[in-house]
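Protein chains in written order, with the numbering used here: chain A, 6 to 412; chain B, 6 to 412. Below is one structure, written out as structure tokens, with a few remarks after it.
There are 2 protein chains.
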Amino acid sequence: MVSIAVMGHGVVGSGVVEILLTHKQKLFSRLGEEIYVKKVLDLREFPDSPIADRFTKNFDEIINDLEIRVVVEVMGGLNPSYDYVKRCLKAGKSVVTSNKELVAAHGAELLEIARQENVNFLFEASVGGGIPIIRPMNQCLVANNVDEIAGILNGTTNFILTKMIEDGMQFEDALKLAQDLGFAERNPAADIEGHDACRKICILASLAFGKHVYPDAVHTEGITNITLEDVKFAEKFNCVIKLIGRVKRLPDGKIDIITAPMLVPEKSQLANIDYEFNGIMVRGDCTGDVVFYGKGAGKLPTASAVCADIVDSCMHLKRRRFLYWTDGDGSNIIDVNDSVFKMYLRVNGENAAQKAEEIFGKITAIQDVKRCAILTDAMTLSEFREKCDKLAAQGVEILSTIRIGEL
Amino acid sequence: MVSIAVMGHGVVGSGVVEILLTHKQKLFSRLGEEIYVKKVLDLREFPDSPIADRFTKNFDEIINDLEIRVVVEVMGGLNPSYDYVKRCLKAGKSVVTSNKELVAAHGAELLEIARQENVNFLFEASVGGGIPIIRPMNQCLVANNVDEIAGILNGTTNFILTKMIEDGMQFEDALKLAQDLGFAERNPAADIEGHDACRKICILASLAFGKHVYPDAVHTEGITNITLEDVKFAEKFNCVIKLIGRVKRLPDGKIDIITAPMLVPEKSQLANIDYEFNGIMVRGDCTGDVVFYGKGAGKLPTASAVCADIVDSCMHLKRRRFLYWTDGDGSNIIDVNDSVFKMYLRVNGENAAQKAEEIFGKITAIQDVKRCAILTDAMTLSEFREKCDKLAAQGVEILSTIRIGEL
């Protein structure tokens with residue numbers, strides 16, 4: 006029997022307890038011993054839980070219990086998660102978490118403590134919910150150099166964008182629908198402003214390239230400025246607008262990382278990933294493109310990924326799984342101004358396409374009654390901005406600009 | 006240093022040696038020790054290989070070398086692979102293989118020997134080439150009951166079908182092109198008759214449901230009877246024709262397994278998997294649908310999956326990875342005649358649609374100048390055949406029948 010504790014009994018935490026109970030036999034036959042949930046930490050009361058007697062409000066009952074070998078952190082947020090996880094690792098307990106904010110903010114430090122203490126710190130559920138991605142990337146792609154990762158990493162924004170694309174809904178209406186359906190939080194800022202997707206691409210980049218990438222170092226744009234007009238022009242260019250987290254290894258070894266909405270060509274594997282689903286493309290030098298698709302969030306999908314990590318931790322109590330990266334100071338990340346993309350812009354003004362062609366060189370333009378949408382060749386962001394300034398100086402109003410993601 | 010041997014220096018084998026040499030540093034940093042290819046078994050000479058001095062034509066030099074702890078079997082076929090692999094396992098060596106024919110024919114026996122000898126028998130590359138699928142299914146989905154697996158598991162047939170769909174090529178022309186491009190063998194029977202896809206769905210079914218499924222027990226149809234006319238009617242029904250390997254768990258615990266071409270609705274994630282790519286959908290009771298996509302064959306993709314298994318074996322020399330199923334006698338597989346599908350049929354005859362409606366009940370029909378294409382409701386294969394006989398008795402010629410895969 007391996008005793009574990011679960012910290013947090015919200016959506017994911019209650020799902021973890023549910024799976025451990027309903028899939029008990031399956032887990033036992035795999036592990037060869039029982040996984041026993043000895044404690045559940047939550048400030049609330051859950052008198053109806055089948056294990057109501059094992060709830061505690063006191064973290065000390067977990068940290069001081071030598072029988073508890075694995076602690077599951079599914080509280081979310083940084084406080085008190087960060088402190089609790091650190092103390093658990095230092096006490097020689099393996100930790101499993103679904104908390105992307107925690108991993109993105111403190112992953113390197115926590116992995117280093119785990120290394121020193123010879124325990125595991127696992128976080129499969131922190132990216133892609135129920136989609137296996139951390140483990141396949143870490144293990145199956147061990148014989149690959151990763152050249153690029155690009156993903157639709159946030160189900161809330163993907164649901165909103167899909168509703169705009171498929172049903173012509175306005176952003177605000179689609180957001181409200183997502184909230185009503187439970188796909189978006191009451192305070193949706195972390196999702197719609199891109200921070201959640203940014204944390205996830207940071208975790209994948211840290212894993213793929215071996216140095217921690219902090220979210221602060223990553224240029225992040227959300228989808229709040231995406232209009233139906235952009236969605237419709239994108240369609241005319243055979244593209245869909247998706248919020249993409251992307252990291253690319255450059256020839257000099259540095260990385261180009263960004264979270265931003267992009268026009269994705271319809272033939273891309275990521276273009277067909279709709280509604281609350283997530284999809285992640287990993288381009289290896291040997292495998293070529295591999296894409297993982299599934300539900301990126303939700304109670305049972307996320308909890309099942311947590312449970313896989315629990316089993317892995319229980320199987321490797323005295324042996325670390327190789328999952329590690331060192332701290333990073335951002336020096337391996339190029340400035341967003343040097344990042345190269347083809348660009349889409351929507352403008353308003355007389356002879357806009359002609360003026361744009363004079364400034365941008367070769368373009369593809371679609372002229373609507375009032376507006377003009379333009380695709381440019383690839384250039385750095387700083388070059389693009391300079392040219393936009395020139396275009397504006399000629400009396401052309403620039404209504405929106407979006408990167409083209411050739412994924 | 007861990008010494009290994011590679012049996013076979015064909016496409017995959019030479020790729021394995023290449024990756025082990027070119028990615029030496031990366032593999033070393035992961036494993037903490039060097040992977041040393043001590044012997045390569047092949048009857049041919051490779052004087053230009055950087056490790057030409059380590060080639061041997063004599064299997065005894067591998068089986069008798071106590072330093073060789075891991076043996077890679079990439080010869081293909083059953084003879085002498087089966088004998089060699091069995092002897093290696095019995096000699097206490099872990100074995101890594103990409104040989105789906107071997108795993109499909111003898112997996113249960115070889116896994117049992119590996120269990121007895123406390124060594125590993127790993128075969129990530131046997132399904133999906135470079136796509137991580139065996140390991141994610143085995144590990145990440147440990148907390149899931151698998152309800153269904155459906156996949157495009159053969160790149161050759163998918164390339165041919167894609168060329169028929171996209172470019173309106175005839176089957177024979179598309180096959181010839183695939184051969185010219187190296188996607189199809191000179192003798193393409195194993196691919197186009199569905200046997201290769203069948204072996205792969207057998208391996209996945211064995212893994213998911215714990216009992217060996219032998220290819221002989223699985224109803225298998227290839228794509229040789231698919232005509233351009235079917236492809237075009239499918240398009241009118243918003244479907245594409247794909248060769249699908251599918252296994253489904255039934256409420257009574259038995260499984261329904263088949264390899265056959267199917268009409269796949271365009272909105273399905275599998276419908277967009279084109280050309281030589283493979284895609285596998287795994288439906289878990291907790292995760293929902295998870296899809297894995299990538300190159301299902303080719304030198305480096307397959308070799309990189311083999312290398313991931315080599316690393317895993319080297320890391321677990323004294324400890325088995327949990328990968329196991331017991332032998333099966335087919336009693337858990339339902340008869341293909343009891344298998345339930347909606348059906349497509351293409352017919353020729355006066356008032357064909359009307360006659361079909363009288364026999365099949367509710368149908369959807371498209372009448373062309375000369376032909377009629379019909380979609381029926383779901384029914385067992387035996388019921389469908391009976392009704393087809395009735396239709397034929399009314400003077401309607403049945404030109405083709407294809408299952409509908411609602412995946």
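Beta carbons: idealized from backbone N, C-alpha and C, even for Gly. All values reported here derive from a predicted model rather than from experimental measurement.
Taken through DSSP and simplified to helix, strand or coil, B/Glu38 comes out as coil. From the listed residues A/Ser54, A/Lys360 and A/Phe214, the smallest Cα separation to A/Tyr329 is found for A/Phe214. Against chain A, the CB of B/Ala308 has a partner CB under 8 angstroms away; the residue lies at that interface.
Between A/Gly333 and A/Gly250, the CB-CB gap reaches or exceeds 8 angstroms. Runs of the beta strand (DSSP E) spanning 3 or more residues and lying entirely within the segment 27–85 of chain B occur at 40–46 and 73–78, in chain order. Along the segment 354–390 of chain B, the alpha helix (DSSP H) occurs as fully enclosed runs of 4 or more residues at 357–365, listed in sequence order.
DSSP, reduced to helix, strand and coil, places B/Ile409 within a strand of the structure shown.
In the DSSP assignment, B/Pro270 forms a beta bridge with B/Cys244. Taken atom to atom, the span from the alpha-carbon of A/Arg351 to that of B/Ser344 is near 54 angstroms. Chain B has a Cβ within less than 8 angstroms of the Cβ of A/Asp294. The contact set of A/Gly289 on chain B, defined by CB atoms closer than 8 angstroms, consists of Gly135 and Ser309 in chain order.
Neighbours of A/His14 in chain B, taken as residues whose beta carbon is under 7 angstroms from its own, are absent, since the nearest beta carbon is some 18 angstroms off. Straight-line measurement puts the Cα of A/Met6 at about 35 angstroms from the Cα of A/His217.
Taking CB atoms only, B/Gly299 has a neighbour in chain A less than 8 angstroms away.
Contact check for A/Ile403 against A/Met348 fails: the beta carbons are separated by 8 angstroms or more. For the C-beta of A/Val22, not a single chain B residue is nearer than 8 angstroms; the gap to the nearest is close to 12 angstroms.
About 6 angstroms separates the Cβ atoms of A/Ile231 and A/Ile246, confirming a contact at the 8 angstroms cut-off.
Take A/Leu83, set aside five residues on each side of it, and the residues of its chain with a beta-carbon closer than 7 angstroms to its own are Glu106, Leu107 and Ala110, in chain order.
If one requires a minimum length of 4 residues, the alpha helix (DSSP H) runs lying completely within the segment 200–247 of chain B are 200–214 and 233–241, in chain order.
In the DSSP assignment, B/Ala310 falls within the unbroken alpha helix (DSSP H) covering Lys304 to Met320.
Per DSSP, reduced to three states, the secondary structure at B/Met348 is strand. Taking the Cα of B/Ile9 as reference, the smallest distance to any Cα among B/Phe33, B/Leu32, B/Val16 and B/Val45 is reached at B/Val45.
In the same chain as B/Tyr41, and ignoring 5 residues on each side of it, the C-beta atoms closer than 6 angstroms to its own belong to Met6 and Ser8, in chain order. Taken atom to atom, the span from the alpha-carbon of A/Asn283 to that of A/Asn163 is near 8 angstroms. Per DSSP, reduced to three states, the secondary structure at B/Ser103 is coil, with no helix or strand assignment.
The distance from the Cβ of A/Ala202 to that of A/Leu158 is about 4 angstroms, consistent with a contact at the 8 angstroms cut-off. Under the three-state reduction of DSSP, A/Gly299 is assigned to strand. Identification of chain A residues near B/Pro220 by a Cβ-Cβ cut-off of 8 angstroms yields none; the smallest Cβ-Cβ distance measures about 25 angstroms. Under DSSP, A/Lys259 forms no beta bridge with any residue. Of all alpha-carbon atoms in B/Ser318, B/Val236 and B/Val223, the one lying nearest the alpha-carbon of B/Leu166 is that of B/Val236.
Here A/Pro306 is buried: its Cβ has 16 or more other Cβ atoms, across all protein chains shown, within 10 Å.
Annotation: Cβ neighbours of A/Arg35 in chain B (cutoff 7 angstroms, chain order): Val147 and Phe327.
Residues of the segment 200–215 of chain A that bring their beta carbon within less than 7 angstroms of a beta carbon in chain B are absent altogether. Of all residues in the segment 62–75 of chain B, none has a C-beta nearer than 9 angstroms to a C-beta of chain A.
Taking CB atoms only, B/His111 has no neighbour in chain A less than 8 angstroms away. Around the Cβ of B/Leu71, a 10 Å sphere holds fewer than 16 other Cβ atoms; the residue is exposed.
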